[in-house]
Each structure stands twice: as structure tokens, then as C-alpha cells.
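So in the numbering used here, spot 53 of the sequence shown is number 33, and the numbers just go up one at a time. From the three backbone atoms N, C-alpha and C, an ideal C-beta is built for every residue, glycine too.
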Amino acid sequence: MEIQDTYQDDPNPPYGQKGAFRKLTMTVPPQTYQRLLLESIRRKINHEPNHLMSALVREALDEYFTIGDLDAPDRGTVELR
């Protein structure tokens, strides 16, 4: 299986446009969960978009990998075996 190292502009596309997404189940420390919960509540109270925890995690992962790409050499494609 080959994976292209590409950047997606929006980690949280509108409802119905996540067909190519893959489901991920995670276990996080209580402190991380609390921080996610507080951010989710803050966004919901302020009527901001993407207040669901899955959206927050997608944004965080997108940011993490984007920042990492700034310092990394061009990696091209990655092949999984």
C-alpha cells in the first residue's frame, strides 16, 4: 500500500465529505481528555465550529504533522508493507 505525503487544507470538512477518512480509537491520559473537554465546551459556548472532540483531535494531529513537515526533508511517498 502506498501513501502519498500530501497536505489536506481542512482537517474538518463538512458533513458527508469524510468518506475517505479512517476511524481511529484512542486512549488518552485524564489530563488530555480534560483539556479536550474544556476546549470543546469553550467552542460550543462561543458557537464556534468544530466543537466535537474528534474535530479537535484531527486539528491537533494536522497541526502536529504540518509543523513537523517544516523541518523535514522532502520525503515523497511512504510504502507500507
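Between which two residues does the alpha helix (DSSP H) containing residue i stretch?
i	result
Tyr13	10 to 25
Check residue i in the structure and name its three-state DSSP category.
i	result
Asp(-10)	coil
Phe45	helix
Glu39	helix
Met6	coil
Mark residue i as exposed unless 16 or more other C-beta atoms lie within 10 angstroms of its C-beta, in which case mark it buried.
i	result
Arg22	exposed
Arg38	buried
Pro(-9)	buried
Assuming residue i contacts residue j under a Cβ cut-off of 8 Å, what Cβ separation, rounded to an integer in Å, is found between them?
i	j	result
Ser20	Met6	Contact flag wrong, Cβ pair sits at about 15 Å.
Leu16	Leu36	5 Å
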